[in-house]
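Written below as structure tokens is the structure these notes are about.
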Amino acid sequence: MTLSPLDLLFYALTLAVLVLTPGPVWVAMAARALTGGYSAAWPLAVGVAVGDAIWPLLAIFGVVWVTSVFAGFMIVLKWAAVVIFIAMGWALLRAQGGPIGQDSRLTRPGLWAGFFAGVAVILSNPKAILFYMGVLPGFFDLTQVTAVDIAAIVTLSMMVPLLGNLVLAVGFDRVRRLLASPKALRRVNRISGVLLLCVGLLIALSS
Numbered sequence: 015m016t017l018s019p020l021d022l023l024f025y026a027l028t029l030a031v032l033v034l035t036p037g038p039v040w041v042a043m044a045a046r047a048l049t050g051g052y053s054a055a056w057p058l059a060v061g062v063a064v065g066d067a068i069w070p071l072l073a074i075f076g077v078v079w080v081t082s083v084f085a086g087f088m089i090v091l092k093w094a095a096v097v098i099f100i101a102m103g104w105a106l107l108r109a110q111g112g113p114i115g116q117d118s119r120l121t122r123p124g125l126w127a128g129f130f131a132g133v134a135v136i137l138s139n140p141k142a143i144l145f146y147m148g149v150l151p152g153f154f155d156l157t158q159v160t161a162v163d164i165a166a167i168v169t170l171s172m173m174v175p176l177l178g179n180l181v182l183a184v185g186f187d188r189v190r191r192l193l194a195s196p197k198a199l200r201r202v203n204r205i206s207g208v209l210l211l212c213v214g215l216l217i218a219l220s221s
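Going by our numbering, the residue at position 143 of the sequence shown is 157; the numbering climbs one at a time, nothing skipped.
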């Protein structure tokens, strides 16, 4: 292993700052947690963590080669994410008058779809792209890293955002439980629908 504990500590702290910076993941997490609670939000957090493992691997094994081979796939993934979040947001706006617990549309598309939405939003997140492709090579000499170094980098890249996003999910879930009146629920559904639409637009407009 060529990386020192201090190198990894600084990297973990930088990841924590990245998690605390609002972006598309924050918006998606808020929208899902406010409508479906923690059970709807944690699959998205896990999906984001999986996506966070992919980016450092792409940076380490060659950005130029990967983008040349998978450029078409990344474009398809980006627009799939746009469709997913706009559809979810539109469904919430249409169902805003119904209580959260009595309208299954508000918790769609479910655990696995929430997971894949998390993967899509992090792979389409310009903040993550800039960090892993631009900042990560400045932390470590990626031409000298060993297999153990790569495992450490990928583990931190997954675990720090995962823990941060799960804490966010719990926080948004607690806020949701405070909203008991039908008027408050309608407001939550309306705001959540708009937030999901915003996620789709942010991804569509990102270069």
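Ideal Cβ placement from N, Cα and C applies to all residues, glycine included.
From a predicted model like this one, the values you see are computed outputs, not experimental measurements.
C-alpha of G37 to C-alpha of V162: approximately 31 angstroms in a straight line. DSSP places N139 in the coil class of the three-state scheme, outside both helix and strand.
If you compare the alpha carbons of V184, L170, R190, L209 with that of L27, the shortest gap goes to L170.
Taking 8 angstroms as the upper bound for CB-CB distance, G128 and L58 are in contact here, some 5 angstroms apart. DSSP places Y52 in the uninterrupted alpha helix (DSSP H) bounded by 52 to 75.
Take A63, set aside five residues on each side of it, and the residues of its chain with a beta-carbon closer than 7 angstroms to its own are M172, P175, L176, in chain order. In the DSSP assignment, D21 falls within the alpha helix (DSSP H) that extends over 19 to 34.
Using a 10 angstroms sphere on the CB of S138, the tally of other CB atoms reaches 16 or more, which defines it as buried. Only exposed fits A165, as fewer than 16 other CB atoms lie within 10 angstroms of its CB.
Here T49 is buried. Its C-beta has 16 or more other C-beta atoms within 10 Å. In this structure, L71 sits near V168, with a CB-CB distance shorter than 9 angstroms. For the pair L182 and W40, the CB atoms are nearer than the 9 angstroms cut-off.
A straight-line Cα-Cα distance of about 6 angstroms links W56 and L180. Its chain contains R204, G207 as the residues whose beta carbon lies nearer than 7 angstroms to that of L107, once the 5 sequence neighbours on both sides are disregarded; these appear in chain order. Between the C-alpha atoms of L23 and A30 there is a straight-line separation of about 11 angstroms.
Taking a C-beta distance under 9 angstroms as the contact criterion, A54 and A44 do not qualify as a contact pair. By the neighbour-count criterion, in which a residue is buried when 16 or more other Cβ atoms sit within 10 angstroms of its Cβ, L34 is exposed. DSSP places F145 in the helix class (H, G or I) of the three-state scheme. For G132, the number of other beta carbons within 10 angstroms of its own is at least 16, and it is reported as buried. The distance from the Cβ of F145 to that of L32 is about 6 angstroms, consistent with a contact at the 8 angstroms cut-off. Shown here, M15 sits in coil according to DSSP, grouped into three states, outside any helix or strand.
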